[in-house]
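Asker:
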Amino acid sequence: RGRICREVRVHQPEVVLSHDPWMRYQLHPDHRATGFAATDGVVAARDHLFFPEQDLPPHRPSAILLWRADEDNHWEDIAGHSDTKVKALLCHSSQGTTTMGGDVTDVEHAEVFAQRMREWAERAGRDVGLDQAEAFHRLTP
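Going by my numbering, the first residue of the sequence shown is number 41, and it counts up by one from there.
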């Protein structure tokens, strides 16, 4: 928490993105831990009483955006950016089998994954009048 607090105070982000640690049935312990660390770090960064030894001014981002939430309440328009998102995700080769369903270095599998991500973005956007969207739960710290 202290290290994340320090990074938030030093870099002063407007928005912080992370896993939703409260997602129902989230089995992956690292996803839960990451979400709690991020949200706890942001809360600490905004309050001068946390980690005064850092000798840094408090900083309060305008939002925390949590992905894979049970209750989405914020959508970002990603039309025109979904291919970039897919390329970035495909760089995470360690996630291929568990997250992406197979070998991400296989061209055919990569295209199946890309199509699934496009459909996911289209479905998220459909309900809010966008061609493609990424859904989040937005918290105001």
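Using N, Cα and C, we set each Cβ at its ideal position, and we do this for glycine too.
1) Whose CA, out of T74, H114, A128, lies closest to the CA of A150?
2) Which of helix, strand or coil does DSSP assign to E54?
3) Measuring only the C-alpha atoms, how far is H71 from D60?
4) Please confirm if V56 has its CB atom under 7 angstroms from at least one CB of chain B.
5) How far does the beta strand (DSSP E) with L89 in it extend, from its first residue to its last?
6) Tell me where the beta strand (DSSP E) around R178 begins and ends.
7) Thinking V55 and P101 are a contact (beta carbons under 8 angstroms), I'd like their distance in whole angstroms, please.
8) Bridge partners of E116, per DSSP?
9) W62 lies in the beta strand (DSSP E); which residues open and close that run?
10) Taking contact to mean 3 or more Cβ pairs, one atom from each stretch, closer than 8 angstroms, check whether the region 116 to 127 and the region 72 to 80 are in contact.
11) Which partner residues of I44 appear in the DSSP bridge assignment?
12) At the level of alpha carbons, what is the spacing between R166 and P92?
13) Under the three-state reduction of DSSP, which class applies to A78: helix, strand or coil?
14) List the DSSP bridge partners of W107.
15) Skipping 5 residues on each side, what residues in its chain have a beta carbon closer than 6 angstroms to that of V113?
Answerer: In terms of the structure at hand:
1) Locating residue 150 in the sequence shown gives position 110, counting from the first residue. Of the listed residues, the one whose Cα sits closest to A150 is A128.
2) Along the sequence shown, one-based indexing puts residue 54 at 14. DSSP places E54 in coil when its eight states are reduced to three.
3) Numbered from 1 along the sequence shown, position 31 holds the residue referred to as residue 71. Numbered from 1 along the sequence shown, position 20 holds the residue referred to as residue 60. Note on geometry: alpha-carbon atoms of H71 and D60 lie some 8 angstroms from one another.
4) Looking for chain B here will not work: only one protein chain is present.
5) Locating residue 89 in the sequence shown gives position 49, counting from the first residue. Secondary structure note for L89: it is in no beta strand (DSSP E), with a DSSP letter that is neither H nor E.
6) One-based indexing of the sequence shown puts residue 178 at position 138. Counting along the chain, the beta strand (DSSP E) containing R178 begins and ends at 173 to 179.
7) Taking the first residue of the sequence shown as position 1, residue 55 is located at position 15. Taking the first residue of the sequence shown as position 1, residue 101 is located at position 61. Confirmed, about 6 angstroms.
8) One-based indexing of the sequence shown puts residue 116 at position 76. Per DSSP, E174.
9) Locating residue 62 in the sequence shown gives position 22, where the first residue counts as 1. Neither: W62 is in no beta strand (DSSP E) and is coded neither H nor E.
10) Too few Cβ pairs lie closer than 8 angstroms, so no.
11) Against the sequence shown, residue 44 aligns to sequence position 4. DSSP output for I44 lists no bridge partner at all.
12) Along the sequence shown, read from residue 1 onward, the residue named residue 166 stands at position 126. Along the sequence shown, read from residue 1 onward, the residue named residue 92 stands at position 52. Taking the straight line from one Cα to the other gives about 46 angstroms.
13) Here the question's residue 78 lines up with position 38 in the sequence shown. A78: helix per DSSP, three-state reduction.
14) Counting from 1 along the sequence shown, the entry for residue 107 is found at position 67. Paired residue(s): H59, F176.
15) By one-based count along the sequence shown, residue 113 stands at place 73. Note that residue 113 corresponds to Asn in the displayed sequence, not to Val. So the qualifying residues of the chain are H177, R178.
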